[in-house]
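*Asks:*
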Amino acid sequence: MIEVVDLYKSFNGHEVLRGINLKVEEGQTMALIGGSGKGKSVLLKHIIGLVKPDRGKILINNQDIGKLRGRLLKQLKERCGIVFQGGALFDSLTVYDNIAFPLREKTRMKESQIQDTVLAELARVGLSGAENKYPAEISGGMKKRVALARCLVMKPEIVLFDEPTTGLDPLIAKAIHKLIRDCQKSLNFTALMVTHEIPAIFSLVDCVAMLYNGKIIASGTPEEIETSKDPVIHQFVHGELEGPISIQ
Amino acid sequence: MNWILTPFKIIGSFAHTFVRELGRMACFLATSFFWVVFPPYLLRRIVRQINFIGVKTTLVIVLTGSFTGMVLALQTYYALVKFGAETSLGPVVSLSLIRELGPVISALMVTGRAGSALTAEIGIMRISEQIDALDAMALNPYKYLIIPNLLAGIISLPLLNAIFVVVGVWGGYAVGVGLTGVSSGTYFGGIRDFVSAKDILEGLYKSLSFGMLITWISCYKGYFTGYGAEGVSKATTQAVVLSSVTILIWDYFMTSILLT
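Keeping their order, the protein sequence lines are chains A and B.
Just add 696 to the spot in the first sequence (first one is 1) and you have my numbering.
Just add 5 to the spot in the second sequence (first one is 1) and you have my numbering.
1) When the cut-off is 8 Å and only beta carbons count, does Ala796/A lie next to chain B?
2) Rounded to whole angstroms, what's the CA-CA distance from Ser212/B to Val109/B? Just pull it up for me.
3) By Cβ distance, which residues of its chain are closer than 6 Å to Gly176/B, with the 5 residues on each side in sequence left out?
4) For Arg841/A, count the other beta carbons within 10 Å of its own beta carbon; 16 or more makes it buried, fewer makes it exposed. Which is it?
5) Just verifying my parser: in three-state terms, what is the DSSP assignment at Ala300/B?
6) Against chain D, does Gln135/B count as a neighbour if the rule is that its beta carbon must be under 8 Å from one of theirs?
7) Roughly how many angstroms separate the alpha carbons of Asp926/A and Arg751/A, rounded to a whole number?
8) With distances taken Cα to Cα, identify the nearest neighbour of Leu162/B among Ala112/B, Met130/B, Asp198/B.
9) Along the chain, where does the beta strand (DSSP E) containing Ile897/A start, and where does it finish?
10) Would you say Leu123/B faces chain A, with C-beta separation under 8 Å as the test?
11) Could you name the residues of chain A that Ala138/B contacts, counting a contact when the two beta carbons are closer than 7 Å?
12) Which residues mark the beginning and the end of the alpha helix (DSSP H) in which Asn7/B is found?
13) Taking C-alpha atoms, which residue in Ile744/A, Ser824/A, Leu818/A lies nearest to Arg775/A?
14) Residues in its own chain within less than 6 Å of Phe199/B by CB, not counting five upstream and five downstream?
15) The alpha helix (DSSP H) spanning Ala122/B covers which residue range?
16) So, helix, strand or coil for Val97/B, using DSSP?
17) Cβ closer than 7 Å: which chain A residues qualify as neighbours of Ala143/B?
18) So the candidates are Ser248/B, Met217/B, Phe258/B, Gly173/B; which of them puts its Cα closest to the Cα of Leu34/B?
19) Taking DSSP's pairing of strands, which residues face Ala905/A in a bridge?
20) Near Thr251/B, what residues of its chain come up, given a Cβ to Cβ distance below 6 Å and the 5 sequence neighbours on each side ignored?
21) Report yes or no: is there a C-beta of chain B within less than 8 Å of the C-beta of Glu801/A?
If you want it as structure tokens, here you go:
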């Protein structure tokens with residue numbers, strides 16, 4: 697379970713997050729929507745512990761990550777995974793080595809076991825045969841799949857996705873969405889996904905939250921968000937140019 | 006009134022930025038050395054970085070070392086011959102190389118070849134979120150990116166310096182003995198008589214400290230690079246300029262301390 701309580705964050709005097717309250721129940725998949733550059737990725741980085749909040753709490757399975765230090769924080773981080781927007785694959789390593797990297801560094805698995813695990817993970821994301829390629833040699837969609845495989849290889853309990861389908865064509869985007877949903881069903885992780893794929897994402901998630909002006913202004917089922925009468929949510933979800941959200 | 010205050014404001018702002026940056030750099034180095042003592046020790050990564058910083062710079066060091074020795078011998082010979090002191094060619098060339106030129110030029114060569122590459126590599130890893138990915142995997146980026154480079158720099162520089170000096174002395178021999186006619190015995194006999202262990206230690210201390218300076222500055226600039234390609238390009242330029250200037254300044258202070 698992920699719970700964010702009254703979270704504030706400023707950068708150089710500019711307040712990005714102004715009291716975020718958010719809860720993702722165990723085993724659920726939540727989509728986080730909101731305007732570009734409004735702090736969604738910053739919120740994800742807080743949850744994974746990459747950015748420290750100015751104020752507020754982040755609870756992962758009821759443990760406050762702000763109060764954890766050393767080994768305890770490390771153990772908590774190991775139960776979480778993140779798929780970055782650009783994949784964040786290590787460009788000096790092959791696809792195989794990228795996926796094997798956390799296994800080699802974090803476990804005592806033998807190389808033969810690592811090989812079996814990596815090949816199984818590659819098969820799961822539909823990339824069998826691409827193991828010897830470098831990140832620069834594969835397409836954007838393939839990079840996202842490799843990033844997903846690298847994240848899932850450690851069997852995390854919580855997975856954060858930062859715009860997993862940005863820049864991909866609709867078919868590949870749909871395939872990645874389905875892949876995420878299938879993985880979520882088979883591994884039963886809790887997922888929080890930052891996305892702009894509206895309304896396509898509504899059929900794949902359990903709940904949706906909207907970030908606006910540094911706050912979560914609504915959280916509910918996809919149907920509730922889609923049919924919301926709130927003018928801000930209505931404008932954003934239906935992509936209307938006229939409304940309370942000013943386009944800069 | 007404003008025009009009176011403006012210069013003070015500029016100086017104050019500059020001093021504030023300088024002190025803050027210096028503090029951040031010191032914290033960065035202290036954090037790196039703090040993590041050195043804790044496992045995992047990642048020996049393979051250290052060896053790989055020794056290969057990158059040290060082994061791959063050897064050819065450049067051999068080339069610059071030989072020509073530095075040759076030109077030094079040539080210039081020195083024509084100066085010494087005016088005083089009838091050409092028999093001192095060997096000691097002058099070797100002492101210049103061991104105490105000054107070897108450590109400084111080899112450090113500048115490493116800065117140009119490896120320091121800039123380190124900054125660019127770490128900087129690109131920062132802007133493409135690869136460092137965040139390491140952190141998110143609960144792996145310490147200092148352990149994987151900074152410490153192997155720092156240790157590799159500290160190990161490689163004295164070795165490169167030694168190669169530079171040996172090649173330089175032989176370069177000086179080629180010109181001094183081969184072209185100007187100083188005898189081989191005079192050249193090497195002078196070196197044996199005048200070069201002491203203290204001189205060699207001075208060169209060693211300098212190259213050890215330069216190894217740390219170059220990798221420290223290069224890693225720091227890459228780790229805290231700005232945004233985008235421009236940020237990485239700026240960080241790389243700053244790393245090379247700052248490393249080169251710091252090497253020369255630090256060399257002066259090291260020399261003053263070691264000569265007293």
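For glycine and all other residues, C-beta sits at the position ideal for the given N, C-alpha and C.
*Replies:* Reading it off the structure:
1) Residue 796/A sits at position 100 when you count from the first residue of the first sequence. Interface annotation, Ala796/A: not in contact with chain B, CB-CB separation never under 8 Å.
2) Residue numbering aside, residue 212/B sits at position 207 when the second sequence is read from its first letter. Residue numbering aside, residue 109/B sits at position 104 when the second sequence is read from its first letter. Taking the straight line joining both Cα atoms gives about 8 Å.
3) Counting from one through the second sequence, the residue named residue 176/B turns up at place 171. Once the five neighbours on either side are set aside, the close Cβ partners of Gly176/B are Ser71, Gly74, Met75.
4) Residue 841/A sits at position 145 when you count from the first residue of the first sequence. Answer is buried; the Cβ neighbour count reaches 16.
5) The requested residue 300/B does not occur in the structure, where chain B is confined to residues 6 to 265.
6) The structure shown contains no chain D; its protein chains are A and B.
7) In the first sequence, counting from the first residue as 1, residue 926/A sits at position 230. In the first sequence, counting from the first residue as 1, residue 751/A sits at position 55. Going by the C-alpha atoms only, they are around 28 Å apart.
8) As a position in the second sequence, residue 162/B is number 157, starting the count at 1. That would be Ala112/B, whose Cα lies nearest to the Cα of Leu162/B.
9) Position 201 of the first sequence, counting from 1, holds the residue named residue 897/A. Note, Ile897/A: premise wrong, no beta strand (DSSP E); not H, not E.
10) In the second sequence, the residue the question calls residue 123/B occupies position 118. By the rule that beta-carbons nearer than 8 Å mark a contact, Leu123/B does not touch chain A.
11) Numbered from its first residue, the second sequence carries residue 138/B at position 133. Near Ala138/B (Cβ distances below 7 Å), the residues of chain A are Phe780, Ala784.
12) Here the question's residue 7/B lines up with position 2 in the second sequence. Where Asn7/B is concerned, the enclosing alpha helix (DSSP H) starts and stops at 7-41.
13) In the first sequence, counting from the first residue as 1, residue 775/A sits at position 79. Cα-wise, what sits closest to Arg775/A is Ile744/A.
14) Taking the first residue of the second sequence as 1, we reach residue 199/B at position 194. These residues qualify, in order along the chain: Pro96.
15) Mapped onto the second sequence, residue 122/B falls at position 117. Note, Ala122/B: alpha helix (DSSP H), 121-132.
16) The sequence position of residue 97/B within the second sequence is 92, counting from 1. The three-state secondary structure of Val97/B, taken from DSSP, is helix.
17) One-based indexing of the second sequence puts residue 143/B at position 138. The answer, in chain order, is Lys770, Lys773, Glu774.
18) Sequence index remark: in the second sequence, residue 34/B carries index 29 (1-based). The closest CA to that of Leu34/B, considering only Ser248/B, Met217/B, Phe258/B, Gly173/B, is found on Met217/B.
19) For the purposes of this step, residue 905/A is identified with residue 209 of the first sequence, where counting begins at 1. Leu728/A, Ser915/A.
20) Locating residue 251/B in the second sequence gives position 246, counting from the first residue. Annotation for Thr251/B: Leu218 place their beta carbon closer than 6 Å to its own, counting only its chain and skipping 5 residues before and after.
21) Sequence index remark: in the first sequence, residue 801/A carries index 105 (1-based). It does; some Cβ of chain B falls within 8 Å.
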